[in-house]
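Since the structure comes first, as structure tokens, the remarks are kept for the end.
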Amino acid sequence: MARIEFYKKRDEAWLLDPKEHFARKSRSFELRRDFLTGHTSRILPFRFKIPETSIDAEMLEASKKSCPFCPEKIPSLTPRFVPELASEGRIHKGRASLIPNSYPYARYSWVVILCEEHFLYLDQLSTEILRDAFSLAQDGIERVKNQEVGYDYCSINWNYLPQSGGGLFHPHLQVVVEETPTVSHRKVIDGLKQYQAKWGECFWIDWLSEELRVQERYIGNQGDIYFLTAFSPLGVLGEIMILFSHRSSILEFTLKDWEDFSEGLKKIFGFFERTHVHSFNLSLFSGGGESVESRVYGRLCPRISIPPWNTSDINYFEKLHDEVICVIPPEEMCGWMKPFFLSDREAAGKKT
151 MARIEFYKKR DEAWLLDPKE HFARKSRSFE LRRDFLTGHT SRILPFRFKI
201 PETSIDAEML EASKKSCPFC PEKIPSLTPR FVPELASEGR IHKGRASLIP
251 NSYPYARYSW VVILCEEHFL YLDQLSTEIL RDAFSLAQDG IERVKNQEVG
301 YDYCSINWNY LPQSGGGLFH PHLQVVVEET PTVSHRKVID GLKQYQAKWG
351 ECFWIDWLSE ELRVQERYIG NQGDIYFLTA FSPLGVLGEI MILFSHRSSI
401 LEFTLKDWED FSEGLKKIFG FFERTHVHSF NLSLFSGGGE SVESRVYGRL
451 CPRISIPPWN TSDINYFEKL HDEVICVIPP EEMCGWMKPF FLSDREAAGK
501 KT
């Protein structure tokens, strides 16, 4: 018996199609269940063209006037840390700045401002900018670890542009450090414990091994960091899973880890740029407790507004039923993204 099951059930609905003189037609779909958490997605495998959208230049320019993250506004409009956590008030690394969240939703709730520029397109986010921002988030987490006992769960999060729920155009991360995991993180930890109790192994290592064996959703890797499309995705345009296969805590990360992760992100962003996706949500999760072997993992969901009325890509099914309707099969999305992870030599070999 396989340890990890990729459960899916195909079904179909029938209708009389007005586009073909009300001929009887079937529409197929899939129900998929995530092995670890039980999360369910419904895959609609019809051809979906990602709408070509643009970033509103007038809105972008207007947003500069009140942006607290632009360099000249930071001293007067952003809070400073209490001295027992950071005597310097604000923490800096490279071009990034770490500050408290003005509207915290956890005891340790912070913002990392990535750079001085009010806005950067995805292809303008350099490896150095990304690396230093994520590394600075780690620096803050380490300060909590050195002062507090029991704050073992943390996440680094990113809402990029308004479609994702981002309240400001200025690129920034949000960091949360807590005593307990969020609901999503808790479901993963519970699944890890059940798997380890049954098989005596780390789920993440077995899962990665199985995904590499079947080669259906494996996009590529950057060093020891692996990028895959999720079997049962959390977003309408799918989901990218990121596994730091060699790290059980963000506190273990080296600058090279963040550099590899940033290089991988840039490849994902390259795909987004090519397909006119401008927005996304990203979360990195760390912490599993001493009773279970875990790894740091990430989830990345592209986000869109649907024209012509800028309709949200979240509806009642996701919000109130806790299930996701995804319009791109994960295996197809993987095929689209994989070329962005090929080296120049590999890409040339594919063409010959």
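Numbering (the working numbering), first residue to last: 151 to 502. We treat Cβ as the ideally placed atom computed from N, Cα and C, and that holds for glycine.
{"query": "Keeping to the same chain, check which residues put their C-beta closer than 8 angstroms to that of G300; ignore five residues upstream and five downstream.", "result": "E329"}
{"query": "Since F284 is in the beta strand (DSSP E), which residue starts that stretch and which ends it?", "result": "F284 -> not in any beta strand (DSSP E); alpha helix (DSSP H) instead, spanning T277 to Q297."}
{"query": "Provide the residue span of the alpha helix (DSSP H) that contains P321, from first to last.", "result": "Here P321 belongs to no alpha helix (DSSP H), and DSSP marks it neither H nor E."}
{"query": "Using a threshold of 9 angstroms, state whether the C-beta atoms of W354 and L362 are closer than that.", "result": "no"}
{"query": "Hey, could you find the ends of the alpha helix (DSSP H) Q344 is sitting in?", "result": "V333 to W349"}
{"query": "What are the residues that DSSP puts in a beta bridge with V446?", "result": "F394"}
{"query": "Let's see if you can read the secondary structure: which residues bound the beta strand (DSSP E) around G485?", "result": "That residue, G485, is in no beta strand (DSSP E); its alpha helix (DSSP H) goes P480 to M487."}
{"query": "Does the contact criterion of 3 or more C-beta pairs under 8 angstroms hold for the segment 414-425 versus the segment 321-337?", "result": "no"}
{"query": "Which residues bound the alpha helix (DSSP H) around L405?", "result": "L405 to R424"}
{"query": "Below 8 angstroms, how does it come out for the segment 207-216 and the segment 176-190: are there three or more Cβ pairs, yes or no?", "result": "no"}
{"query": "Going by C-alpha distance, which of R397, S359, E180 and I454 is nearest Y310?", "result": "I454"}
{"query": "Just confirm the distance between the C-beta atoms of L165 and K175, as a whole number of angstroms; I'd bet it's less than 8 angstroms.", "result": "6 angstroms"}
{"query": "Quick one: what's got a C-beta closer than 6 angstroms to T228's C-beta in the same chain, skipping five residues either side?", "result": "P218 and I249"}
{"query": "Do F430 and F421 come within 9 angstroms of each other at the CB atom, strictly closer than that value?", "result": "no"}
{"query": "Considering just the uninterrupted stretch of the alpha helix (DSSP H) at F467, what are its terminal residues?", "result": "Y466 to H471"}
{"query": "Could you pull the start and end residues of the alpha helix (DSSP H) that F353 belongs to?", "result": "F353 to V364"}
{"query": "Over the uninterrupted alpha helix (DSSP H) stretch that includes P312, give me the two end residues.", "result": "Where P312 is concerned, there is no enclosing alpha helix (DSSP H), given that its DSSP letter is neither H nor E."}
{"query": "Indicate whether the contact test is met: 3 or more Cβ pairs, each with one atom in the segment 473-489 and one in the segment 377-394, closer than 8 angstroms.", "result": "yes"}
{"query": "Here's the rule I'm using: 16 or more other beta-carbon atoms within 10 Å means buried, otherwise exposed. How should A152 be labelled?", "result": "exposed"}
{"query": "Label S247 either buried or exposed according to how many other C-beta atoms from any shown protein chain fall within 10 Å of its C-beta, with 16 as the threshold for buried.", "result": "buried"}
{"query": "Three or more C-beta pairs closer than 8 angstroms, one from the segment 279-287 and one from the segment 252-264: is that the case here?", "result": "yes"}
{"query": "Below 9 angstroms between beta carbons: does that hold for L272 and H428?", "result": "yes"}
{"query": "Could you say which of Y447, T404, D407 and D302 lies nearest to E440 if we only look at CA atoms?", "result": "D302"}
{"query": "Flag this pair as yes or no: are the beta carbons of I339 and L434 separated by less than 9 angstroms?", "result": "no"}
{"query": "Might you give, ordered along the chain, the residues of its own chain that have their beta carbon closer than 6 angstroms to the beta carbon of T190, omitting 5 neighbours on each side?", "result": "R183 and E473"}
{"query": "I'd like to know whether the C-beta atoms of R445 and L393 end up nearer to each other than 9 angstroms.", "result": "yes"}
{"query": "Which of the three DSSP states is assigned to D273 in this structure?", "result": "helix"}
{"query": "Let's test the definition: count the other Cβ atoms within 10 Å of the Cβ of I241 and tell me whether it reaches 16, buried, or not, exposed.", "result": "buried"}
{"query": "If you follow the beta strand (DSSP E) that L434 is in, where does it begin and where does it stop?", "result": "S429 to S436"}
{"query": "Under DSSP, the alpha helix (DSSP H) around E120 begins and ends at which residues?", "result": "Here the chain has residues from 151 to 502 only, and residue 120 is not among them."}
{"query": "Report back the beta-carbon spacing between Q346 and E267 to the nearest angstrom; my notes put them in contact at under 8 angstroms.", "result": "45 angstroms between Cβ atoms; not a contact."}
{"query": "Who are the Cβ neighbours of E202 in its own chain at under 6 angstroms, not counting the five residues just before and after it?", "result": "H426"}
{"query": "Can you find the residues in the same chain that come closer than 8 angstroms, C-beta to C-beta, to W349, ignoring five residues on each side of it along the sequence?", "result": "R153 and D356"}
{"query": "Would D302 count as contacting chain D if we go by Cβ distances under 9 angstroms?", "result": "No chain D appears in the structure shown, which is made up of a single protein chain."}
{"query": "Whose C-beta lies closer than 8 angstroms to the C-beta of L270 among residues of the same chain, with five residues either side of it excluded?", "result": "L264, I279 and P321"}
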